[in-house]
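In our numbering, the protein residues as written are 846 to 1252.
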């Protein structure tokens, strides 16, 4: 626990290997007990942190003759807190999908999870990169230790550095007196997930490279390094190769991160999974909103599968939550599904302020669904089939809605 041998400790003053500013020595001097004091010890075998409590021993006359102290490794305490605070673990079996593209990615994930190499998750925003990272951790040998997610785009450089690597006391204005362990230390023995890695500054990139090369971190304001045992998983939706060519991302770090690249497919490439995903999220949303679980009509489902989903699964959840709030019966109809036309005018992106009547809402939704189907399928006959309409009925809607498309 103290990283000293019996021979090194026997008959030696405790201050010789634990330092002079010890609560156990103060207790011995003044007789007052102490509870849950953080103890940082830096020695020849590295730095360790414990939480210690102590009580003095007295002879029959009441004179202090010794101290009994307990020490608990803070890393173990962090793990206990983490375990109690964590939601139910995500495995690959919890990920929803059955298309070939999805199954290939999951099969690769299961293989990679068993190793310890760095994983680079690639994919558009909203494709579920963090869930995939959690599954990698849960099915890995590190599953009993912490999984720590960090969004590199959410914090400014200075704060991100201290959060990741920690700092020593007095490192900067406002720093805690005893310093603070970083998230790499909190993930000891487990996994750290760095999302939006492309947004990391050059300084952060340099420190990450050091961690990956040497397995060591340096706290802000410290002159010494500490070993860490952490698996690193990173994710990005950016084109890292172009960023490397433009000098925006370190090439050496790129090769350290790109050991096992996994590309998560966008939702438009796994449309057959949309019914499964929709049912899962409708059940979840209905419970959250304390509503009965509505049924998707075939026409509403056709509308979902015909859409291109630029926001991927995150956008699907958004659309379904809106539908659950709008529905006033047991079924979700096409008019309850509002989709975004990102290439259209602002009105089509935010129809609510102008569309006052249900008829106007239905008309706008129909026009958007027809346009998306025509654009995706390239012919009126194929679009009609996808929308569950006859060819003649679709041509009638095109004319009624004032859309331009060759018959």
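Positions of the beta carbon are idealized from the N, C-alpha and C atoms, including for glycine.
Cβ-Cβ distance between residue i and residue j below 8 Å
| i | j | result |
| --- | --- | --- |
| residue 913 | residue 873 | no |
| residue 1079 | residue 1102 | yes |
| residue 1005 | residue 1027 | no |
| residue 942 | residue 1118 | yes |
| residue 1073 | residue 1045 | no |
| residue 1253 | residue 1096 | The shown model of the chain, from 846 to 1252, leaves out residue 1253, and the question about it has no answer. |
| residue 1149 | residue 1182 | yes |
| residue 1221 | residue 1153 | yes |
| residue 1233 | residue 1143 | yes |
| residue 1211 | residue 1177 | no |
| residue 1219 | residue 1228 | yes |
| residue 901 | residue 868 | no |
| residue 1164 | residue 1184 | yes |
| residue 1077 | residue 957 | no |
| residue 1137 | residue 1085 | no |
| residue 918 | residue 910 | no |
| residue 975 | residue 1017 | no |
Strand pairing of residue i, partner residues [DSSP]
| i | result |
| --- | --- |
| residue 898 | 915 |
| residue 1081 | 967 |
| residue 1105 | 964 |
| residue 1140 | 1176 |
| residue 994 | 1038 |
| residue 869 | Its beta-bridge partners do not exist; DSSP assigns none. |
| residue 1054 | None; residue 1054 has no bridge partner. |
| residue 1033 | Beta-bridge pairing links residue 1033 to no other residue. |
| residue 1047 | Partner(s): none; residue 1047 has no beta bridge. |
| residue 1011 | 1026 |
| residue 1220 | DSSP lists no partner for residue 1220. |
| residue 884 | 895 |
| residue 1065 | 1012 |
| residue 1185 | According to DSSP, residue 1185 bridges with nothing at all. |
| residue 1072 | 1061 |
| residue 950 | According to DSSP, which records beta bridges pairwise, residue 950 is partnered with nothing at all. |
| residue 909 | 903 |
| residue 1099 | In the DSSP output, where bridge partners are listed per residue, residue 1099 has none listed. |
Closest by C-alpha distance to residue i, when choosing among the options
| i | options | result |
| --- | --- | --- |
| residue 994 | 981, 1002, 986 and 1003 | 981 |
| residue 1131 | 1172, 851 and 1182 | 1172 |
| residue 984 | 939, 1007, 1025 and 1024 | 939 |
| residue 1116 | 1129, 1155, 965 and 1056 | 1155 |
| residue 1113 | 1161, 882, 974 and 915 | 1161 |
| residue 977 | 1110, 1140 and 1227 | 1110 |
| residue 881 | 1057, 895, 1014 and 1243 | 895 |
| residue 1021 | 883, 989 and 902 | 883 |
| residue 1261 | 947, 1152 and 1037 | The question about residue 1261 has no answer here: the residues shown for the chain are numbered 846 through 1252. |
| residue 973 | 897, 908, 1059 and 1041 | 1041 |
| residue 997 | 990, 989 and 1007 | 1007 |
| residue 1128 | 1145, 1166, 903 and 1105 | 1166 |
| residue 801 | 1032, 1235, 962 and 1013 | No answer is possible for residue 801: the residues shown for the chain start at 846 and end at 1252. |
| residue 1179 | 1033, 945, 1017 and 1145 | 1145 |
| residue 908 | 898, 918, 876 and 934 | 876 |
| residue 1147 | 944, 1243 and 1123 | 1123 |
| residue 1024 | 905, 1225 and 1013 | 1013 |
| residue 915 | 898, 906 and 992 | 898 |
| residue 987 | 1174, 945, 1032 and 1015 | 1032 |
| residue 1098 | 855, 964 and 979 | 964 |
| residue 944 | 1249, 1120, 1235 and 1174 | 1120 |
| residue 1126 | 1223, 1245, 1168 and 1224 | 1168 |
| residue 989 | 1011, 1070, 934 and 955 | 934 |
| residue 992 | 1248, 1225 and 979 | 979 |
| residue 1223 | 1151, 1175 and 1245 | 1151 |
Residue i beta carbon near the ligand ATP (any heavy atom closer than 7 Å)
| i | result |
| --- | --- |
| residue 1029 | For the structure depicted, the ligand ATP is absent and the ligand set is empty, with no information on it obtainable. |
Item to check | Inter-stretch contact at 8 Å, needing at least 3 Cβ pairs: the stretch 1080 to 1088 / the stretch 937 to 957 | outcome: The stretch 1080 to 1088 is not in contact with the stretch 937 to 957.
Next on the checklist: Quick test of the definition: if touching needs 3 or more C-beta pairs under 8 Å, does the stretch 1207 to 1223 touch the stretch 1235 to 1244?
Outcome noted: Cβ pair count under 8 Å is three or more, so yes.
Checklist entry - Are the stretch 1051 to 1071 and the stretch 1084 to 1092 touching by the rule of at least three beta carbon pairs closer than 8 Å? => result Judged by Cβ distances under 8 Å, the stretch 1051 to 1071 makes no contact with the stretch 1084 to 1092, as fewer than three pairs qualify.
Next on the checklist: Would you call the stretch 950 to 957 in contact with the stretch 1058 to 1065, where contact means no fewer than 3 C-beta pairs closer than 8 Å?
Outcome noted: Inter-segment contact for the stretch 950 to 957 and the stretch 1058 to 1065 is absent: fewer than three beta-carbon pairs are separated by less than 8 Å.
Checklist entry - Between the stretch 1139 to 1157 and the stretch 955 to 974, are three or more C-beta pairs nearer than 8 Å? => result Contact between the stretch 1139 to 1157 and the stretch 955 to 974 is present, with at least three C-beta pairs closer than 8 Å.
Checklist entry - Where in the stretch 1121 to 1168 do unbroken runs of the alpha helix (DSSP H), each at least 4 residues long, occur, reported from the N-terminal end onward? => result Whole alpha helix (DSSP H) segments, 4+ residues: 1143 to 1151.
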